[in-house]
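2 protein chains.
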Amino acid sequence: MKVNRVQIDDSFWGGRIRRMCESIIPYQYEVLNDQVPGIPQSHAVENFRIAAGLSEGEYQGMLFQDSDVGKWIEAASYSLRIREDRELEEKIDGLVQILKKAQKEDGYLNSYYTSARPGERLTNIAHGHEMYCAGHLAEAAVAYAQATGKTELLDIVEDCISYFMSKIGPEPEKLHIYPGHPELELALYKLYQYTKKEKYLKFMEYLLLERGKQPSFLLEDPGFGEQYHDKWFGLEYHQAHLPILEQREAKGHAVRAMYLYAGLADLAYETKDPAIISVLEDLWKDVTERKMYITGAVGSDEHGEGFGAPYDLPNDRGYGETCASIGLIFWARRMLRLKADSRYGDVMELALYNGALSGMAPDGKTYFYVNPLMVIPSQADSRYDLRHVKTERVPWFGCACCPPNAARLIASLPDYVCDYDCGEKELTVHLYICGKITLDKNIWFEASGDYIGSGKAEYIYRGESVEMTLRMRLPGWSGKTGMKLNGSLFRPDTENGYAIISRKWSDGDKLEVVFDLRPRFIYSNPRAAANAGRAAVKKGPVVYCLEEADNGGDLNAVVVEDFCSAGDAGRQDGQQEQAVYLRGYREKAGSQEGKLYSDQNPEKVEGVFCAVPYHMWGNRGKGEMLVWMRKK
Amino acid sequence: MKVNRVQIDDSFWGGRIRRMCESIIPYQYEVLNDQVPGIPQSHAVENFRIAAGLSEGEYQGMLFQDSDVGKWIEAASYSLRIREDRELEEKIDGLVQILKKAQKEDGYLNSYYTSARPGERLTNIAHGHEMYCAGHLAEAAVAYAQATGKTELLDIVEDCISYFMSKIGPEPEKLHIYPGHPELELALYKLYQYTKKEKYLKFMEYLLLERGKQPSFLLEDPGFGEQYHDKWFGLEYHQAHLPILEQREAKGHAVRAMYLYAGLADLAYETKDPAIISVLEDLWKDVTERKMYITGAVGSDEHGEGFGAPYDLPNDRGYGETCASIGLIFWARRMLRLKADSRYGDVMELALYNGALSGMAPDGKTYFYVNPLMVIPSQADSRYDLRHVKTERVPWFGCACCPPNAARLIASLPDYVCDYDCGEKELTVHLYICGKITLDKNIWFEASGDYIGSGKAEYIYRGESVEMTLRMRLPGWSGKTGMKLNGSLFRPDTENGYAIISRKWSDGDKLEVVFDLRPRFIYSNPRAAANAGRAAVKKGPVVYCLEEADNGGDLNAVVVEDFCSAGDAGRQDGQQEQAVYLRGYREKAGSQEGKLYSDQNPEKVEGVFCAVPYHMWGNRGKGEMLVWMRKK
């Protein structure tokens with residue numbers, strides 16, 4: 001078993017990762033095998049069994065159901081890097097055998113087109129998801145090979161990719177197309193990194209740079225046809241409205257966009273092409289400075305699951321698909337590889353602790369697909385334009401992209417913590433997540449502390465003395481971040497929001513980092529109309545919200561003024577450990593003689609209100625939730 | 001020509017009614033005859049010509065296109081009560097001849113089912129609109145007979161109604177159904193009042209009291225079938241979910257509801273049945289205290305054009321169909337006949353000056369179908385869930401129910417001003433609209449003043465001396481309403497928000513009424529989340545709004561504090577005659593280092609802002625509009 005460079009042992013993440021490996025990933029396997037009653041049946045494994053001739057029956061589920069199996073194998077593989085698990089490994093091996101049998105002689109592997117649409121390969125590029133599914137299998141194959149050294153799945157996947165490469169490419173006789181839903185691009189880069197085979201890099205580059213050339217092949221694509229006149233499903237939906245290097249604004253389907261930009265960042269990392277880097281930089285600014293919720297959620301329009309106009313960030317009916325926040329993390333991670341800049345690290349951390357984490361209950365068995373910032377159940381349960389908003393977490397989805405996506409993210413969290421440049425002897429820490437960071441044989445850091453809880457982190461160097469540079473991200477949310485080396489305060493140089501500590505490290509050297517973890521009010525750019533007159537509460541990277549369970553309903557009648565202590569709130573019971581308390585008042589409903597409109601301001605009643613981490617919302621029954629609170 | 005009891009000569013309404021009669025109603029005739037190029041073609045008259053065998057071709061338009069002709073004849077008839085117009089009368093007569101030819105031998109008259117769906121009469125009660133169209137023709141026939149004494153259209157309509165009465169009713173052999181879209185009910189009452197034929201009252205009573213009996217016949221109705229599983233088009237949509245006398249909450253399609261409740265109020269007026277009155281009272285409270293926008297708009301959900309949950313009143317994507325506000329006026333007018341209570345008069349006035357009037361530009365040639373209270377064009381033009389919101393008035397609609405509905409309302413405005421009980425010698429004034437109120441031969445009041453502009457009204461009695469009671473509505477918006485009789489202040493008795501002045505009136509007696517017309521901030525019940533932290537501005541019955549044309553964009557970055565004068569605003573040019581000025585500040589976009597989120601409050605810039613009447617919005621090019629302003 002290959003082990004991660006980073007072994008996480010963190011008060012916040014440790015338990016989550018353990019539950020992920022021990023119970024959620026096995027649970028999702030049962031779901032994918034239709035062994036969990038009372039929830040939407042996945043049929044994902046059964047589809048492969050049918051394609052493999054191992055089962056009778058008909059394909060069921062979304063046409064991209066295969067990808068759930070790919071994501072699950074990938075997640076399970078990451079789990080195997082964290083802890084040995086024979087049973088889990090056997091499950092993967094079992095799946096690999098099914099995939100092998102489902103694969104056609106020419107390498108093609110896709111259960112939907114094999115059993116439900118024979119003879120229709122590559123006829124619906126816009127929505128067919130064939131390359132998308134192949135991409136997820138490729139990511140799975142690389143992860144499994146990395147974790148176990150086993151390459152049987154890799155062989156399957158390479159044959160499958162070869163099929164696509166035989167049909168698609170710059171050569172005149174081939175199809176000049178690219179996937180409707182990006183994903184294969186970044187998977188090809190993983191394949192290239194693992195196998196070192198240049199052809200994957202070339203194919204990835206082709207798929208990326210072909211994108212958006214006009215006139216678009218999509219206009220002739222049978223799968224695209226009918227929906228073309230709906231502007232929400234036009235070329236922008238597929239990020240195919242402009243040649244990729246001319247795209248400077250994030251448009252269309254948010255998950256597609258995030259995966260595409262992530263792939264593009266891989267290409268930029270490989271080529272260092274300034275034209276690509278400039279596109280990425282503009283897209284980054286457009287997303288994070290005009291189109292991202294404070295939780296790191298992206299995609300504000302349910303229809304087309306897409307980006308809205310700049311500053312169009314409605315709190316009640318935004319989409320904020322869990323997968324889109326995960327995609328934003330993928331993209332940010334790759335931007336960090338391009339350049340250690342805290343702007344990227346801050347957004348990665350933000351989306352991780354909020355928009356992505358909110359998609360899954362702590363026990364990992366119930367989920368949100370959509371992550372709004374305000375929920376009023378009486379409205380969400382009755383309005384048509386809020387029908388995508390669930391007021392309670394659900395055990396699974398008909399379109400189940402999010403749960404296994406969350407699983408592979410959490411299980412691969414070690415990969416997000418830091419980068420280590422072995423040649424330059426430079427360790428760059430992006431996320432303050434505790435555990436052991438192994439740099440080389442016999443040299444490592446032991447990271448400890450309670451970043452989210454108390455705002456402290458401690459890095460103790462272990463091993464032989466060595467000249468090395470540490471780059472530590474200075475989170476944008478921490479006004480002042482203090483650093484001590486072996487007990488002495490010092491002011492490190494900084495670059496792009498990272499502190500730089502270059503020195504000879506000896507066994508036992510201790511770097512302490514202290515963050516300003518006081519809760520803060522965050523205000524929105526006034527152009528974001530939905531947040532006008534309101535503030536959000538953040539403590540460190542964690543966004544808070546008011547919930548009805550703590551504060552009663554009608555949360556928009558609450559006006560907060562400043563922070564107070566749990567003691568002020570008369571809450572010494574410690575029930576809400578992570579809670580933040582706020583002093584303010586509540587406008588009394590019905591105090592205007594029961595009128596709907598009155599020239600009298602409603603009566604105010606002073607009160608203390610309790611805010612909880614946004615990622616924890618929706619676990620205590622149905623009720624209102626509100627991130628952007630009215631601020632006095 | 002029969003003349004109205006009330007002849008309007010009012011600074012606010014006079015010009016509007018004149019334009020309506022002289023130009024808008026003739027313009028709409030051209031539209032209905034497809035003589036106006038460059039707008040959605042109506043085909044409404046052509047449909048009747050085809051059904052009559054006078055034209056070749058196929059039916060076009062909504063299946064209830066006939067009703068546009070009915071509404072137009074009704075509006076034109078009201079115009080004829082206001083001013084003689086031979087040409088207009090000839091147009092109506094011409095239409096009547098076409099209708100006569102389009103009518104079948106058995107009395108049936110409906111151009112859609114005659115030419116596009118022969119043999120399918122009464123097979124789609126849910127959405128077929130046959131009785132709805134017949135109802136509009138009946139209203140037209142009564143109005144035309146009242147205006148001209150001509151009864152040819154009345155004969156046609158009575159034959160048509162007889163057809164429906166031969167098929168539908170309590171007798172075992174008949175269909176036990178009621179219209180999907182209420183309208184015939186209130187039309188039958190007009191028919192009964194005009195013809196004194198009891199059978200129309202009985203049929204109206206049957207249609208009303210049959211409504212909502214369970215199990216609903218609609219579940220078996222072929223027209224209802226497919227959409228039944230969409231809860232927005234279920235039984236509630238048709239107000240058919242409960243027996244009518246058990247309905248205590250307004251649900252479903254808002255226009256349907258308003259027309260239904262109006263018909264029910266007619267029945268209550270006739271029968272004085274306390275069970276019906278109690279239902280009406282509960283529905284009135286539910287609508288006006290929980291589900292009505294401050295403009296008198298109703299229907300907050302675009303899907304199903306219906307009522308939302310209590311207090312669910314989103315400002316950007318509410319529906320507020322012009323026809324629904326007009327329907328609310330119809331209902332309120334009938335509630336006032338049941339009982340002179342200023343609650344009804346206030347709402348009637350509110351919807352008239354705001355939600356209904358906003359549906360039509362001052363020149364009457366461009367319209368809004370949907371009347372939101374906040375428009376941000378960049379969002380409205382790009383979001384799917386705002387696609388019903390037009391950011392500019394349009395010249396006509398494919399579904400053109402609203403323009404002729406506005407026409408018949410404005411042209412019949414004299415009927416809304418007052419009630420006169422000839423026996424009791426009691427004049428009840430609901431609306432302060434100036435002109436001449438004729439009570440009897442040779443006795444009348446001359447009403448003058450400038451209610452909306454200066455808050456004064458003067459009623460001079462003319463004619464022989466007579467004992468008479470005047471009931472004058474005391475508008476809820478006027479904190480104190482002063483009254484002078486022949487120059488002397490006095491405090492009249494009041495009842496249900498009406499001042500009562502019983503005395504012997506002699507020629508030249510003068511009643512002066514002075515209202516508190518100062519602009520006010522209006523606050524919402526805190527349960528209406530969309531208005532939290534905000535105030536609306538009202539001056540008298542008129543709701544105001546901010547428009548980009550006066551204040552620049554990003555209106556949600558504006559915070560208003562108090563009122564000021566045009567002089568304070570440096571606006572002595574008088575360009576905005578009806579404007580109200582407000583002092584406050586604007587949060588500067590981009591003042592937080594261009595960030596989307598910041599722990600710094602945005603910079604504030606003091607300013608004076610200009611609010612204009614809501615009914616005038618959208619006439620100066622595309623731009624933002626906002627009713628509920630942030631209030632310091």
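As you go down the protein sequences, you meet chains L and V in turn.
For the first sequence, the working numbering gives the first residue as 1, with consecutive numbering after it.
For the second sequence, the working numbering gives the first residue as 1, with consecutive numbering after it.
Glycine included, each C-beta is placed from N, C-alpha and C at the ideal position.
What you are looking at is a predicted structure, and each value in this text was computed from that prediction instead of being measured.
Could you check where the beta strand (DSSP E) with Gln97 of chain L kicks off and where it finishes? That residue, Gln97 of chain L, is in no beta strand (DSSP E); its alpha helix (DSSP H) goes Arg86 to Ala102.
When the Cα of Glu467 of chain L is compared with those of L:Asp507, L:Glu446, L:Lys484 and L:Gly497, which residue comes out closest? The option with the nearest alpha carbon to Glu467 of chain L is L:Asp507.
Could you tell me the alpha carbon to alpha carbon distance between Trp617 of chain V and Ala297 of chain L, rounded to whole angstroms? Their backbone Cα atoms lie some 35 Å apart in a straight line.
So, is the C-beta of Thr288 of chain L closer than 8 Å to a C-beta in chain V? With 8 Å as the cut-off, Thr288 of chain L counts as an interface residue toward chain V.
Given this structure, state the Cα-to-Cα distance separating Arg333 of chain L from Asp415 of chain L, to the nearest angstrom. Rounded to the nearest angstrom, the two C-alpha atoms are 9 Å apart.
Looking at the unbroken alpha helix (DSSP H) that takes in Arg408 of chain V, where does it start and where does it end? Boundaries of the alpha helix (DSSP H) around Arg408 of chain V: Cys402 to Ala411.
Beta-carbon within less than 6 Å of Gly574 of chain V's beta-carbon, same chain only, minus the 5 sequence neighbours each way: which residues are those? Below a pLDDT of 50, predicted positions are generally treated as unreliable, and Gly574 of chain V, at 47, falls in that range; no measurement from the model is reported.
May I ask you to report which of helix, strand or coil DSSP gives Asp221 of chain L? Three-state DSSP puts Asp221 of chain L in coil, outside helix and strand.
In the stretch 238-271 of chain L, which residues sit with their C-beta less than 7 Å from some C-beta in chain V, listed in chain order? Against chain V - using a Cβ distance shorter than 7 Å - the stretch 238-271 of chain L contributes no residues.
Output, in chain order, the set of chain L residues within a Cβ distance shorter than 7 Å of Gly633 of chain V. Since the first and last residues shown for chain V are 1 and 632, residue 633 of chain V lies out of range.
Quick check: the stretch 489-507 of chain L against the stretch 322-342 of chain L, are at least 3 beta-carbon pairs closer than 8 Å? Yes: at least three Cβ pairs fall under 8 Å.
Does the Cβ of Ala147 of chain V have 16 or more other Cβ atoms within 10 Å, making it buried, or fewer, making it exposed? Buried, since its Cβ has 16 or more Cβ neighbours within 10 Å.
If you measure between the beta carbons of His136 of chain L and Glu183 of chain L, is that distance less than 8 Å? Yes. Within cutoff.
Going by the CB atoms, is the gap between Ala138 of chain V and Ile73 of chain V shorter than 8 Å? It is not a contact, given that the beta carbons lie outside the stated cut-off.
Mind checking Glu302 of chain L: buried by the 16 CB within 10 Å criterion, or exposed? With 16 or more other Cβ atoms within 10 Å, it is buried.
Gly38 of chain L CB to nearest chain V CB: under 8 Å? No, its Cβ sits nowhere closer than 8 Å to a Cβ of chain V.
Are the beta-carbon atoms belonging to Leu207 of chain V and Glu185 of chain V less than 8 Å from one another? For Leu207 of chain V and Glu185 of chain V, yes; Cβs fall inside 8 Å.
Answer yes if the stretch 482-494 of chain L comes into contact with the stretch 376-387 of chain L, meaning at least three C-beta pairs across the two stretches below 8 Å, and no otherwise. Here the stretch 376-387 of chain L does not lie against the stretch 482-494 of chain L, with fewer than 3 beta-carbon pairs under 8 Å apart.
So, for Ala126 of chain V: in the same chain, excluding its five sequence neighbours on each side, which residues have a beta-carbon less than 6 Å away from its beta-carbon? Gly180, Leu218, Asp221, Gly223 and Phe224.
At the level of alpha carbons, what is the spacing between Pro118 of chain L and Gln60 of chain L? For Pro118 of chain L and Gln60 of chain L, the distance between alpha carbons rounds to 15 Å.
Where Tyr163 of chain L meets chain V, residues with beta-carbon distance less than 9 Å: Neighbours of Tyr163 of chain L on chain V: none; closest Cβ ~37 Å, over 9 Å.
Am I right that Met300 of chain V and Pro314 of chain V are in contact with their C-beta atoms under 8 Å? What's the rounded C-beta distance? One point to set straight first is that residue 300 of chain V is Ser, not Met, in the sequence displayed. Contact check for Ser300 of chain V and Pro314 of chain V: beta-carbon distance about 6 Å, within the 8 Å limit, so the pair qualifies.
Return the chain-ordered list of same chain residues with a C-beta closer than 7 Å to the C-beta of Trp444 of chain L, the five sequence neighbours on each side being excluded. So the qualifying residues of the chain are Lys436, Ile437, Thr438, Arg462 and Gly463.
State the DSSP-derived secondary structure class of Thr151 of chain V, mapped to helix, strand or coil. Thr151 of chain V falls in the coil class under three-state DSSP.
For chain V, find out if any of its Cβ atoms is closer than 8 Å to the Cβ of Leu63 of chain L; answer yes or no. Not closer than 8 Å to any Cβ of chain V, the Cβ of Leu63 of chain L fails to qualify, so no.
Glu547 of chain V - partner residues in DSSP beta bridges: Looking at the DSSP assignment, Glu547 of chain V forms a beta bridge with V:Met625.
CB contact flag (Leu328 of chain V, Glu270 of chain V, <8 Å): No. Outside cutoff.
Could you check which residue in V:Tyr178, V:Leu352, V:Val389 and V:Asp155 has the C-alpha nearest to that of Thr639 of chain V? Lying outside 1 to 632, the shown extent of chain V, residue 639 of chain V is not represented and no answer is given.
Could you say if the stretch 575-589 of chain V and the stretch 557-564 of chain V meet the contact criterion of at least three C-beta pairs nearer than 8 Å? Short answer: they touch.
From what residue to what residue does the alpha helix (DSSP H) around Gly453 of chain V run? Its alpha helix (DSSP H) spans residues Tyr451 to Ser454.
Contact check, Cys434 of chain V vs Asp10 of chain V, beta carbons under 8 Å: Going by C-beta atoms, Cys434 of chain V is nearer than 8 Å to Asp10 of chain V.
Taking Thr391 of chain L as the reference, give the member of L:Cys399, L:Gly359, L:Ala407 and L:Asp421 with the closest Cα. When each option's Cα is compared against that of Thr391 of chain L, the closest is L:Gly359.
Would you please verify whether the beta carbon of Asp450 of chain L is less than 8 Å from any beta carbon of chain C? Given the protein chain composition of this structure (L and V), no chain C is represented.
Buried or exposed by the 16-neighbour rule on C-beta atoms within 10 Å, applied to Asn405 of chain V: Classification of Asn405 of chain V: buried, given that the 10 Å Cβ count is 16 or more.
Which residue marks the beginning of the alpha helix (DSSP H) containing Leu184 of chain V, and which one marks its end? DSSP places Leu184 of chain V in the uninterrupted alpha helix (DSSP H) bounded by Leu184 to Thr195.
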